[in-house]
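Using mature numbering (1 follows the signal peptide of the UniProt record, and there is no 0), the letters of the sequence shown map in sequence onto residues -21 to -1, 1 to 173. For each residue, glycine too, the CB sits at the ideal point set by N, CA and C. Given the structure is predicted, the values throughout are model-derived calculations rather than measurements. Report on one structure; see the data block that follows.
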Amino acid sequence: MKNLLLLFLFVLSVQVSHVSAQKQIEVEGVVLPRTIEFKQRQLMLNGVGIRSKMWVDVYVQALYLSELSQDAERIIESNSEMAIRLQITSSMVTSDKLSKSLNKGLVKSIGDGNLANFKSQIAMLESLLNKEKTVKDDAFNLIYNSADESLWVFKNDRYEGKIPGFEFKKLFFGIWLSNKPVDEKLKNDLLGKS
């Protein structure tokens, strides 16, 4: 009887860990969900990669889509729910450095002269990211909601606010997916190409 109970517990633990493994993925010690639920819609993990600067991994990033795709332009132009998840992996990343890095990515993506049209949205993004100190292991979910055409910002699963504009959404996702991404390898990882 004791052996039967041990066998049952072993089989049960294997099944539970198998189910758990299907719901999550681990990258460089960061556990990411395979899906994110937003407004009763399931967003699926499209790809995941690591952003490094000067030989230091600064964050693990994941792209979630309502329909999987390897077409960067189609993703940028799509008016459907999607999300970027940034999981901070370095204590060197601060709120200010994260904001500046995203701003540089915006400039690289569309050019400095075109940013004037998005001045208020960029200020809102910086304000939402700087509400409180950013530390290692913080997770940001930046989710585009097609219903109100805005980018919803969550920090550690807490809603911080939203930034209006479908055009801003295209600009924001372009940081990593445009023809001039901040990191070509990361772009390919997010598209599931590597």
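By the Cβ neighbour-count rule, M61 is buried, with 16 or more other Cβ atoms within 10 Å of its own.
If you draw a 10 Å sphere on the C-beta of D168, you find 16 or more other C-beta atoms in it, and that means buried. The Cβ atoms of S78 and L108 lie closer than 7 Å to each other. In the structure shown, the three-state DSSP call for E139 is strand. In chain order, T14, I15, S45 place their CB closer than 8 Å to the CB of Q21, counting only its own chain and leaving out the 5 sequence neighbours on each side. Secondary structure of E16 (DSSP, three-state): strand. Per DSSP, N93 lies in no alpha helix (DSSP H) and is assigned neither H nor E.
Each residue's CA atom was taken as its position, placing I101 and N82 some 8 Å apart. Under the three-state reduction of DSSP output, K134 falls in the strand class. Annotation for L65: the continuous beta strand (DSSP E) segment containing it runs 61 to 67. For L169, the enclosing alpha helix (DSSP H) stretches over residues 163 to 169. In this structure, the beta-carbon distance from F145 to K134 does not fall below 7 Å. Burial check for R30: the Cβ neighbour count within 10 Å reaches 16 or more, so the residue is buried. Cβ contact annotation for L65 (same chain, cutoff 6 Å, sequence separation greater than five): Y38, Q40, F119, in chain order.
Check the Cα spacing between I54 and each of E105, L156, E139: the tightest is with L156.
Only residues of its own chain outside the window of five on either side were considered, and among them F17, A62, W131 have a CB closer than 6 Å to the CB of I122, listed in chain order.
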